[in-house]
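Line order of the protein sequences matches chains A and B.
For the first sequence, my numbering gives the first residue as 1, with consecutive numbering after it.
For the second sequence, my numbering gives the first residue as 1001, with consecutive numbering after it.
Note that the Cβ used here is the ideal one computed from N, Cα and C, for glycine as well.
See below for the structure under consideration.
Protein chains: 2
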Amino acid sequence: MTSSPDTSDRRNNLPNSLSATDALAAIAAGTLTAEALTRACLERIAEREPVVHAFAWIDPERALTEARERDRTGAQHRGLLHGLPMGVKDIIDTQDMPTGCGSPIYAGHRPPNDAACVALAREAGAVMLGKTVTTEFALRHPGPTANPHDPAHTPGGSSSGSAAAVADFMVPVAFGTQTGGSVIRPASYCGVVGYKPSFNTINPTGVKPLATSFDTVGLLARSVDDCALVVDVLSGAASPSSPPERLQAVRPARIGFCRTPAWPHAEPATVRAVETAAEQLRRSGIAVDEVELPGDFAGFLDAQNDVLRYDAARVFAFERTRHPDLLSPSLREELAAGLAFPRSRYLEAQALIARCRSLFATAVAPFECLLAGSAPGEAPRGLHHTGESIFNRLTSGLHVPCITLPGFTGPNGLPVGIQLIGAFGDDARLLRTAKWVAARIDEFAAR
Amino acid sequence: MTSSPDTSDRRNNLPNSLSATDALAAIAAGTLTAEALTRACLERIAEREPVVHAFAWIDPERALTEARERDRTGAQHRGLLHGLPMGVKDIIDTQDMPTGCGSPIYAGHRPPNDAACVALAREAGAVMLGKTVTTEFALRHPGPTANPHDPAHTPGGSSSGSAAAVADFMVPVAFGTQTGGSVIRPASYCGVVGYKPSFNTINPTGVKPLATSFDTVGLLARSVDDCALVVDVLSGAASPSSPPERLQAVRPARIGFCRTPAWPHAEPATVRAVETAAEQLRRSGIAVDEVELPGDFAGFLDAQNDVLRYDAARVFAFERTRHPDLLSPSLREELAAGLAFPRSRYLEAQALIARCRSLFATAVAPFECLLAGSAPGEAPRGLHHTGESIFNRLTSGLHVPCITLPGFTGPNGLPVGIQLIGAFGDDARLLRTAKWVAARIDEFAAR
């Protein structure tokens, strides 16, 4: 389904090219071990990391030891993610690996525990492969990661390493987080599936906050199935006593074509991707109706950004006051702006966002989901910035689930995704629809 | 205003008996130094700590050093809390003091940074005096703290040490947190003012979560003024460029007498306190009208408890899986219950709570605030449990601001508070009303 930077691994059907769902099935069937899968991922990393720089920290021996522990687990104690290697964005705490947050302030920092999402994944049998590169504190200042499709281009951010590692077949699934556009944008730029669940679906404990009003743990993967499986395990929807059913692709009746307030920022590549997807869906017999959001949404993107900055100025009070010299100039600027922003206007922005949440629930109700752009276009050239979050502030602010699907390309042949957006709390329907839509995109691409 | 465990300090007008507002005024006027104030607090602690056990960690020399640094700050660089000693509940990270969370798992743990609320308080010039005792991870299992009014009785929890230290004149203000009933209940039991602001008013970064759906940073103090000042600084409503005005007591026109779903659990002491307060207000010419919450609220207290447990089972995934033997039996039980609870019912509980938030907004709208009980009664005897959160689940789940005011007593002469509850986001009105109500209670008590 994804456009791939190097499909040789896929053609050879090496374990690291398997989806999470297929890898887990192979492990359950006894045709693959956690160790062999982890080793295949590590070999891919050894080969490609000098170009991609997806990892902030990795110790192959530690990962293999964890995988071997899984292989020694008796069948009756195996969890739903038994043996699955996962990448962990480096703002997410891990007890046995440093958590550097993309900042010199935390270089080499060893947390006393695992974040909730890591501990839950491990409880289900997943293997934490290593820490993936984040921008500084998941905001703007980039890390060293390159886009695996063309290393002269950004992978996007802030979940840069997670998106690049998944795209490059280094790991089947990785944790990301989104506050502005940090899951959907890098996934779109790297040609993988990015999924930001409804707010608070994956518990955020142990994830370094950026703006507590919006921070959401999400996933980067190579299929909708993989996102659905992992989120079901982490949210508690699935458990050993109530195992998940395989995600059913469900043909939607109606999809809303929603240009969103970000549309004026769409480059031709995104316009073409979204319009092509709409056309493909219509040809498949789906009603694709234009949806215009109410006038209140005109101020939404600014409101989301204002709240983000205001929150961040409080979240980073320690770093701002004790280590100002170790912050990037762009972060210092953001925090100063957030500090200067009046609380009365912050509360107005929060009130506008709350009103829009309720208006959005009404707007999305007639549809299985909305179709929108994932990012302004393909990944920009250069590693000095990771692109704009403008296409993602809407869903981040609204707390609604969204997923980006790959399958289109831009003027340089780089990936361009389309975004599907669901109603708050109705992630299950969004994922079922997304699986069906992803299959249609693949089908049209194969023609 | 408070009933006091030992009023000699107050009679002698020692600095540690001053309210935060008065102490800050004295420092600003040059009649008191941060060092002298901190020293007075430390002397009180040295005298009383063997009985009260309010502190989990304190290093007098470190506190004095911090106070002396404040005294060396030039007038033009002094913040709005310049020289104010504060107690810090031991689930709140501090870079220069261990953060033990009331659990052997974190005994002696040194965080790499200050929590946002601590860093913001320090930025404004406050002095962190020491870490106050919390129950285990702010849930049930008690610490060693005793009620300063009678050490055979619990101080309440989970902000046990913060409430006891403020009540005992060890410190004028302390940070607490509330997820179930952890600010309002101990404040009521210890005879101080406890204030839980609207959700997310004080940034929660760096506070060990218990249930991310409800966790709220709050304050324990000896006056409404002190709560208003500190929350204005921490929320960003006040800043050196827009200093806070002194809180105006505003006479309310209408107060709602709301028995809340917890009323069947009220002991005679709480019934008498709330009814006496209502009568006093009526005699002052205030309309005090009965408010019945809609039928949806019948399931609210259970729903709040179900969500808390479900969240906690995820929040503590690391501790639960890696250190089960270091958890108290009661915590293990709670987490097991949360883990067994079906996600479908969790989502139903969250939906009920969301519905009730909107219903509550309508119910409270005609009033300046609602009047309710703060706890079942006075502090129970024994230090093996910290009492029930039943009177506090409503406001914790609703995210609305609430404040408990002292002034009444139970059958053993121990303090009993009354609770005032405001509309979400309208903390300013609640505090203005609370100041007026507190003065009326004092006036009647003085007759």
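For residue i and residue j, I'd like the C-alpha separation in whole angstroms.
i       : j       : result
A:P50   : A:A164  : 13 Å
B:P1186 : B:S1103 : 20 Å
A:A211  : B:E1275 : 43 Å
A:T386  : B:K1131 : 41 Å
B:M1086 : B:R1440 : 28 Å
B:P1111 : B:D1325 : 23 Å
B:S1361 : B:G1422 : Note that residue 1361 of chain B corresponds to Ala in the displayed sequence, not to Ser. If you take the alpha carbons of B:A1361 and B:G1422, they lie about 9 Å apart.
A:P240  : B:A1337 : 16 Å
B:V1173 : B:R1381 : 26 Å
A:E443  : B:A1298 : 52 Å
A:A312  : A:T409  : 34 Å
B:E1245 : B:T1433 : 16 Å
A:V364  : A:A152  : 38 Å
B:E1368 : A:T154  : 54 Å
A:L420  : A:R72   : 40 Å
B:C1356 : B:L1293 : 9 Å
A:R39   : B:P1204 : 40 Å
A:G236  : A:R282  : 36 Å
B:L1347 : A:P401  : 15 Å
A:V88   : A:R259  : 32 Å
B:S1004 : B:A1167 : Only weak support exists for where B:S1004 lies, its pLDDT of 46 falling under 50; the value from the coordinates is given anyway. Rounded to the nearest angstrom, the two C-alpha atoms are 7 Å apart.
B:Q1076 : B:C1227 : 25 Å
A:F55   : A:V192  : 17 Å
A:H82   : A:A238  : 14 Å
What do you reckon, are the CB atoms on residue i and residue j nearer than 8 Å?
i       : j       : result
B:A1046 : B:L1032 : no
A:D234  : A:I202  : Residue 234 of chain A is actually Leu in this sequence, not Asp. Yes; because the gap between Cβ atoms is below 8 Å, this pair is in contact.
B:L1414 : B:H1053 : no
B:A1278 : B:V1288 : yes
B:L1014 : B:I1058 : no
A:G397  : A:I353  : yes
A:I188  : A:G194  : The sequence shown places Ser at residue 188 of chain A, rather than the Ile named in the question. Yes; because the gap between Cβ atoms is below 8 Å, this pair is in contact.
A:F300  : A:P342  : no
B:A1126 : B:V1207 : no
B:G1143 : B:S1162 : no
A:L80   : A:E35   : no
B:F1199 : B:T1177 : no
A:Q304  : A:R393  : yes
B:V1183 : B:G1218 : yes
A:A20   : A:L120  : no
B:C1041 : B:V1231 : no
B:L1431 : B:V1224 : yes
B:L1371 : B:G1285 : no
B:V1291 : B:A1349 : no
A:E69   : B:T1321 : no
A:L383  : A:E136  : no
B:F1169 : B:C1117 : no
A:A253  : A:W436  : no
Only counting runs of 4 or more residues, tell me where the alpha helix (DSSP H) segments fall wholly within the stretch 1237-1284 of chain B, in order along the chain. Whole alpha helix (DSSP H) segments, 4+ residues: 1268-1283.
Does the stretch 403-418 of chain A come close enough to the stretch 361-378 of chain A that 3 or more CB-CB pairs lie under 8 Å? Output reads yes: the stretch 403-418 of chain A touches the stretch 361-378 of chain A.
Near-chain B residues of the stretch 293-318 of chain A (beta-carbon distance less than 9 Å), N- to C-terminal order: Cβ proximity to chain B below 9 Å picks out Y310, D311, A313, R314, V315, F316, A317 and F318 from the stretch 293-318 of chain A.
Short of 8 Å Cβ to Cβ, which residues in the stretch 1123-1151 of chain B face chain A? For the stretch 1123-1151 of chain B, residues whose beta-carbon sits nearer than 8 Å to a beta-carbon of chain A comprise E1123.
Between the stretch 187-218 of chain A and chain B, which residues of the former have a C-beta closer than 8 Å to a C-beta of the latter? Of all residues in the stretch 187-218 of chain A, N200, N203, P204, T205, G206, P209, T212 and S213 have a Cβ within less than 8 Å of some Cβ in chain B.
Could you list the residues in the stretch 374-402 of chain A with a C-beta less than 9 Å from some C-beta on chain B, going in chain order? Within the stretch 374-402 of chain A, no residue has a Cβ lying closer than 9 Å to any Cβ of chain B.
Does the contact criterion of 3 or more C-beta pairs under 8 Å hold for the stretch 263-272 of chain A versus the stretch 315-328 of chain A? The answer is no - the stretch 315-328 of chain A does not touch the stretch 263-272 of chain A, with fewer than three Cβ pairs under 8 Å.
Can you list, in chain order, the stretches of the alpha helix (DSSP H) that have 4 or more residues and sit fully within the stretch 1179-1204 of chain B? Runs of the alpha helix (DSSP H) inside the stretch 1179-1204 of chain B: 1184-1190.
Residues of the stretch 1089-1109 of chain B with a CB closer than 9 Å to any CB of chain A: list them in chain order, please. Answer in chain order: D1093, Q1095, I1105, Y1106 and H1109.
Residues of the stretch 226-256 of chain A in Cβ contact with chain B at a cutoff of 7 Å, in chain order, please. Listed by position along the chain: S235, G236 and A237.
Unbroken stretches of the alpha helix (DSSP H), 4 residues or longer, contained in the stretch 112-177 of chain A: When DSSP assignments are scanned along the stretch 112-177 of chain A, the uninterrupted stretches of alpha helix (DSSP H) that are 4 or more residues long and fall wholly within it turn out to be 116-123 and 160-167.
Closer than 9 Å, Cβ to any Cβ of chain B: which residues of the stretch 351-377 of chain A, in chain order? Taken in chain order, the members of the stretch 351-377 of chain A whose beta-carbon sits within less than 9 Å of a beta-carbon on chain B are A351.
To be precise: take each residue of the stretch 415-426 of chain A, compare its Cβ to all Cβ atoms of chain B, and keep it if any distance is under 7 Å. Which residues remain? Hits within the stretch, in order: G425.
Output, in sequence order along the chain, the residues in the stretch 160-171 of chain A whose CB is closer than 9 Å to any CB in chain B. Interface annotation for the stretch 160-171 of chain A against chain B: empty, criterion Cβ-Cβ distance under 9 Å.
Where are the alpha helix (DSSP H) runs, 4 residues long or more, that stay fully inside the stretch 26-98 of chain A, in chain order? Counting only runs of at least 4 residues, the stretch 26-98 of chain A fully encloses the following alpha helix (DSSP H) elements, listed from N- to C-terminal order: 34-52 and 60-71.
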